[in-house]
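Residue numbers (our numbering): -12 to 235.
By construction, the Cβ of each residue, glycine as well, lies at the ideal position given by its N, Cα and C atoms.
What follows is the structure, given as structure tokens:
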């Protein structure tokens, strides 16, 4: 049985080249689909089963990392594509994640897919992705938007427009400047990991706030904050000092 794969890359010529190379040098792999849009790829992955994804690292709409973070689970193998850069190569080695250099070399393609074909490649771990992002300098601080999964599909949220997030079991409500409220199928802990800690702070086990959008803080046992939309959110005693230290 062939390994079922898709390609996600915003550059059409890269898709065409890789499709041709896979067909010629690794015929055991079948390219089911190819996507220029990461959002379209994500929609496909939520409704179809694949064994392998060839994934570009940097794309205008969203990065390959953002796409993986937005999926409820990663039950396929991933081989990243990156520019031929010595620094990037060291980063991929440090994270132990398989990669291809652009332009793709035949021997590297065969080597990168070998473990997938032999079923010896372990599932990619979130920790590996974080190591790679940090090594490449693609930290969450640099993000202007995050991609979050909602019932309708993938929603792109400007970080600067997030007021606060409230936990609801395994889901999270994200409240925006516009008054819009998004129900996201990620835990508050997962959303916290996606947002820059320079402006976001967990003030309660159920509340994550953008502290640049606090209108006032009211003293008390733990106290509470009033956000720009007039919403009051309680602060736990254990997190009170951490919040106040942000304004000293």
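* **C-alpha distance - residue -2 paired with residue 8, whole-angstrom precision** => As a first step, residue -2 must be located in the chain shown, where it is residue number 11. As a first step, residue 8 must be located in the chain shown, where it is residue number 21. Answer to the nearest angstrom: the Cα atoms are 16 Å apart.
* To do: Note down the Cα distance separating residue 225 from residue 208, rounded to an integer number of angstroms.
  => As a position in the chain shown, residue 225 is number 238, starting the count at 1. As a position in the chain shown, residue 208 is number 221, starting the count at 1. Taking the straight line joining both Cα atoms gives about 10 Å.
* Nearest residue (CA-CA) to residue 149, options 56, 89, 65, 216 -> As a position in the chain shown, residue 149 is number 162, starting the count at 1. With distances taken between CA atoms, residue 149 lies nearest to 216 out of 56, 89, 65, 216.
* To do: Specify the secondary structure class of residue 23 as computed by DSSP and reduced to three states.
  => In the chain shown, the residue the question calls residue 23 occupies position 36. DSSP places residue 23 in coil when its eight states are reduced to three.
* To do: Pull up the CB-CB distance for residue 170 and residue 137, whole angstroms please, since I reckon it's below 8 Å.
  => Position 183 of the chain shown holds residue 170. Position 150 of the chain shown holds residue 137. Confirmed, Cβ separation roughly 6 Å.
* Asked: Among 56, 135, 158, which has the Cα closest to the Cα of residue 144?
  -> To locate residue 144, count along the chain shown from 1; it is residue 157. Nearest to residue 144 by C-alpha distance, out of 56, 135, 158, is 135.
* **Cutoff 8 Å; reference residue 58; Cβ partners in own chain excluding five residues on either side** => Position 71 of the chain shown, counting from 1, holds the residue named residue 58. Result list for residue 58: 29, 32, 33, 136, in chain order.
* When the Cα of residue 14 is compared with those of 185, 6, 21, which residue comes out closest? -> As a working note, residue 14 is residue 27 in the chain shown. Checking every option, the nearest Cα to that of residue 14 belongs to 6.
* Asked: If residue 38 sits next to residue -10, beta carbons under 8 Å apart, how far is it from one beta carbon to the other, in whole angstroms?
  -> As a working note, residue 38 is residue 51 in the chain shown. As a working note, residue -10 is residue 3 in the chain shown. Correct: roughly 5 Å between the Cβ atoms.
* Asked: Which whole runs of the beta strand (DSSP E) in the stretch -11 to 72 are 3 residues long or more, in chain order?
  -> Within the stretch -11 to 72, the runs of beta strand (DSSP E) that reach at least 3 residues and sit entirely inside it are, in chain order, -10 to -5, 16 to 22, 39 to 43, 64 to 70.
* Asked: Does the beta carbon of residue 175 sit closer than 7 Å to a beta carbon anywhere in chain D?
  -> This model lacks chain D altogether, as it is built from one protein chain only.
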